[in-house]
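To keep things clear, I will list the structure first and then write my remarks on it.
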Amino acid sequence: MRLFDLRLIIAFLFGLYGVVLVVVGLGFTSEDDLRKAEGVNINLWAGVAMAVLAVAFAAWALVRPQFADTDKQPLKEL
Amino acid sequence: MSVSVLAEADLRLDAGPLDYALLVIYFVVVLGIGVMARRSVSSSLDFLLSGRSLPAWVTGLAFISANLGALELMGMTANGAQYGMATVHYYWIGAIPAMVFLGLVMMPFYYGSKVRSVPEFMRRRFGKPAHLVNAVSFAVAQVLIAGINLFALAVIIDALLGWPLPVSICVAALVVLAYTTLGGLSAAIYNEVLQFFVIVAALAPLTIVGLIKVGGWQGIVEKVTDSEQLSAWPATELTGINSPVWSVIGLVFGLGFVLSFGYWTTNFAEVQRAMSAKSMSAAKRTPIIGAYPKALIPAIIIIPGIIAALIVPEMTRLKAGDTDTGVAYNDVLPLLMRDLLPNGILGIAITGLLASFMAGVAANVSSFNTVFTYDLWQDYVKKDRPDEYYLRVGRWATVGACVLAIGTAFIAAALGGSNIMDYIQALFSFFNAPLFATFILGMFWKRMTPTAGWVGLLAGTFTAIFIYAVSEPSFGIELLELPGQGASFLGAGLAFVVDILVSVAVTAVTRPKPDSELVGLVYSLTPKEDRAHATTGEDAGWYRSPALLGGGVIALTAVLYFVFA
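Going down the list, the sequences are from chains C and X.
Counting with my numbering, you get residues 1 to 78 for the letters of the first sequence.
Counting with my numbering, you get residues 1 to 565 for the letters of the second sequence.
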């Protein structure tokens, strides 16, 4: 059975979350928000971290495609 | 009075449209995974065991995620707040050795014998009576635990967002039902891996902001007044055993050996993840890869608990002995989220909590339907039907499991307590500790007879139930006084010993199976090459050696104990 590549789903979800949080962090952070999180712009930083995670997974999926190894050699069991 | 896991404080979060949008995106992806995974399902093995096709990093993260359910998150942050650093034992001595043991010692038999479930191994090793005991008790336990998970989820949604309990129970069950009926185990496992990252994304910011607020690790050390809370040993508060020596013995033998090995090595909801791996090497590596995040994750589970006890006003008062604060230790995560997180990341945190709760339920359901289909229906009800028939049974079993879980969620509401972990530990000790005794004896002692298999199992289980009954205060027959987790350690330990003694005694007077039927199931009768894994193709490379990875995580855990305990 050949399942789709989970790494691309992870990249998609966290890419989206990352972008949204960075935008919120940069453009829509109030003084109250900052005070709540001890002065840290936590949305911005968490967003950046998630975007990095997304890029890492996308890169991994591109560099090492899921079925590359098995495509080259015929399946022995068949 | 209906027991609430979360006491009636003001936990209502200030969730805005943005938070809800992030939550909705997650649910769309979760359901999408179910829809997409459906295309890969063409046989019952695809549906119930992912066609044994998944890479080790996926099964490894799913292995750890299946265990990161509601009870784990709420219970362990609560333990962090209540007992402090001693809680690390659940992650280190209480998990890592057992996970490495499962990978290196037991997986060769589980994966090599091509059984499709843990009860099926039981059937081939000990025959039908032991199989039936194992399959039925597992199926019942999974439905019970799924119900508790659903209930915990509903309580927290009620507290956080104000949805009525029945609505959340049914909505969550329906979402789990949708993706597991469509995509089977693959959908459950893919979602578990996704959930792992969402939980980390939820808890890491909470921990970081919390640490900044409290002044870093140094701030914790200065502010925690009871120095015992900062050291993991001898954990007398956690075990409820006053003597430090016996407390350590209880931890090492009760938690570290019996409870933990029983849980990690025989619980099919866990082992199933490894069985779905694509090769023997990947199956061996599954629990070991899972052990790395398991060793590190206390940083974002226990530390928030400790921090909450320092900076959340209600929690500080509770810790000081004030019983009228309106909060319980289980409220740690919602309280921290309320106090520390602004909208946006708050939505991610809510998503992480709900994701964790749902994945717990999905793990219960997806292991239940495999045992129901292969071990109960195929073995005892309708044999020798075409495979499409069992695929259909598997789908209907999923529906049945979700309906039963909704039912048990309401039962769980009547059984809940201030620390739900106590109950779940007790449940596991009923089933898992004797199971481990029987498995380990059966795997390494070929003489052990089929009769000894089921008699030992029953004797052990009744021992655990007996100890629970006479030590649980709410039952009113309290012969043993062990607050904390001491009772479940003792119950599990005694269940293990009784199981071994009874099994040995019964074996002495009953007839063993012929050697020819035990090939692949017992150590001395399984050729070495059948237990070995390939080291070519996608299993090549020194960094994929199960033994090396296993040694690595044991070393990591030893270092962590040295530094933090």
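Each residue gets a CB set at the ideal place from its N, CA and C atoms; glycine is no exception.
Quantities reported herein were computed from a predicted structural model and do not represent experimental measurements.
Given a cut-off of 8 Å, decide if Leu340(X) and Leu206(X) are closer than it, judged by their beta-carbon atoms.
-> Remark: C-beta atoms of Leu206(X) and Leu340(X) approach each other more closely than 8 Å.
Expressed to the nearest angstrom, what Euclidean distance is found between the alpha-carbon atoms of Met107(X) and Val118(X)?
-> The alpha-carbon atoms of Met107(X) and Val118(X) are separated by roughly 11 Å.
Cβ separation of Ala173(X) and Ile406(X), assumed to be a contact under 8 Å, to the nearest whole Å | Their Cβ separation, rounded to whole angstroms, is 5 Å, which keeps Ala173(X) and Ile406(X) in contact under 8 Å.
Separation of Ala152(X) from Ala269(X), as counted between CA atoms | In a straight line, the C-alpha of Ala269(X) is about 19 Å away from that of Ala152(X).
Note down, one range per segment and in chain order, each alpha helix (DSSP H) of at least 4 residues found wholly within the stretch 292–332 of chain X.
-> Fully enclosed alpha helix (DSSP H) runs of 4 or longer: 298–311, 313–319.
What separation, rounded to the nearest whole angstrom, lies between the Cα atoms of Lys294(X) and Arg511(X)?
-> One C-alpha to the other measures close to 42 Å.
Cα-Cα separation, Gln73(C) to Lys278(X) = Here the model assigns Gln73(C) a pLDDT of 44, short of 50, so the residue's position is not dependable, and the following value carries that caveat. Taking the straight line joining both Cα atoms gives about 16 Å.
If you run the structure through DSSP and keep just helix, strand and coil, what is Ala37(C)?
-> Coil.
In whole angstroms, what is the alpha-carbon distance linking Ser260(X) and Arg125(X)?
-> Here the alpha carbon of Ser260(X) sits roughly 23 Å from the alpha carbon of Arg125(X).
Roughly how many angstroms separate the alpha carbons of Phe101(X) and Phe138(X), rounded to a whole number?
-> Each residue's Cα considered, the two are about 22 Å apart.
Quick one, are the C-beta atoms of Asn149(X) and Leu71(X) less than 8 Å apart?
-> Closer than 8 Å, so yes.
To the nearest angstrom, how far is it from the Cα of Gln378(X) to the Cα of Ser44(X)?
-> Their Cα atoms are separated by approximately 12 Å.
Measure the C-alpha to C-alpha separation of Asn267(X) and Ala188(X) and round it to an integer number of angstroms.
-> The straight-line gap separating the alpha-carbon atoms of Asn267(X) and Ala188(X) is approximately 17 Å.
For chain X, find out if any of its Cβ atoms is closer than 8 Å to the Cβ of Ala46(C); answer yes or no.
-> Under the Cβ criterion of 8 Å, Ala46(C) is counted among the residues facing chain X.
Quick one: Cα of Val224(X) to Cα of Ile301(X), how far?
-> Looking at the two C-alpha atoms, the distance is approximately 17 Å.
Nearest chain C C-beta to Val193(X) closer than 8 Å, yes or no?
-> Judged by the 8 Å Cβ criterion, Val193(X) is in contact with chain C.
Could you list the residues in the stretch 327–359 of chain X with a C-beta less than 8 Å from some C-beta on chain C, going in chain order?
-> In summary, the residues of the stretch 327–359 of chain X whose CB is separated from some CB of chain C by less than 8 Å are Asp339, Leu340, Leu341, Pro342, Asn343, Gly344, Ile345, Ile348, in the order they occur in the chain.
Taking the DSSP output, what are the residues bridged to Leu54(X)?
-> Paired residues: Ala277(X).
Is the number of C-beta pairs between the stretch 492–503 of chain X and the stretch 427–445 of chain X that are closer than 8 Å three or more?
-> Short answer: they touch.
Are the C-beta atoms of Asp5(C) and some chain X residue less than 8 Å apart?
-> Under the 8 Å criterion on CB atoms, Asp5(C) is classed as non-interfacial with respect to chain X.
So, Thr526(X) versus Ala274(X), is the Cβ gap smaller than 8 Å?
-> No Cβ-Cβ contact shorter than 8 Å links Thr526(X) with Ala274(X).
For a contact meaning CB atoms closer than 7 Å, what does Met36(X) contact in chain C?
-> Result: Phe4.
Could you tell me whether the Cβ of Val502(X) comes closer than 8 Å to any Cβ of chain C?
-> At a cut-off of 8 Å between beta-carbon atoms, Val502(X) makes no contact with chain C.
Tell me whether the beta-carbon of Gly573(X) lies closer than 8 Å to the beta-carbon of Ile33(X).
-> What is shown of chain X runs 1 to 565, which leaves residue 573(X) out entirely.
Any beta-carbon of chain C closer than 8 Å to the one on Leu18(X)?
-> Judged by the 8 Å Cβ criterion, Leu18(X) is in contact with chain C.
Would you call the stretch 83–99 of chain X and the stretch 251–258 of chain X touching, i.e. three or more CB-CB distances under 8 Å?
-> Put simply, the stretch 83–99 of chain X touches the stretch 251–258 of chain X. At least three CB pairs are less than 8 Å apart.
Would Trp454(X) be called buried (16 or more neighbouring beta carbons within 10 Å of its own) or exposed?
-> Label assigned to Trp454(X): buried.
Minimum Cβ-Cβ distance from Val175(X) to chain C less than 8 Å | Val175(X) is outside the set of residues whose beta carbon lies under 8 Å from a beta carbon in chain C.
Answer yes or no: do Glu579(X) and Ala66(X) have a C-beta to C-beta separation smaller than 8 Å?
-> Residue 579(X) is absent from the structure shown; chain X starts at 1 and stops at 565.
Beta-carbon spacing of Ala46(C), Ala11(C) below 8 Å | Going by C-beta atoms, Ala46(C) is not nearer than 8 Å to Ala11(C).
Which same chain residues, not among the five before or five after Ala154(X), have their C-beta less than 6 Å away from its C-beta?
-> When the five nearest sequence neighbours on each side are left out, the beta carbons in the same chain lying within less than 6 Å of the beta carbon of Ala154(X) are those of Leu165, Ser168, Ile169, in order along the chain.
Could you tell me if Val245(X) is buried or exposed, where buried requires 16 or more neighbouring beta carbons within 10 angstroms of its beta carbon?
-> So Val245(X) ends up on the exposed side.
How should Thr463(X) be labelled, buried or exposed, when 16 other C-beta atoms within 10 angstroms of its C-beta is the threshold for buried?
-> Burial call: buried.
CB-CB under 7 Å to Gly162(X), same chain, minus the five flanking residues each way: which ones, in chain order?
-> Answer for Gly162(X): Arg12, listed in chain order.
Comparing alpha-carbon positions, which option in Asn79(X), Met76(X), Asn242(X), Leu54(X) lies nearest Tyr190(X)?
-> Nearest of Asn79(X), Met76(X), Asn242(X), Leu54(X) to Tyr190(X), Cα basis: Leu54(X).
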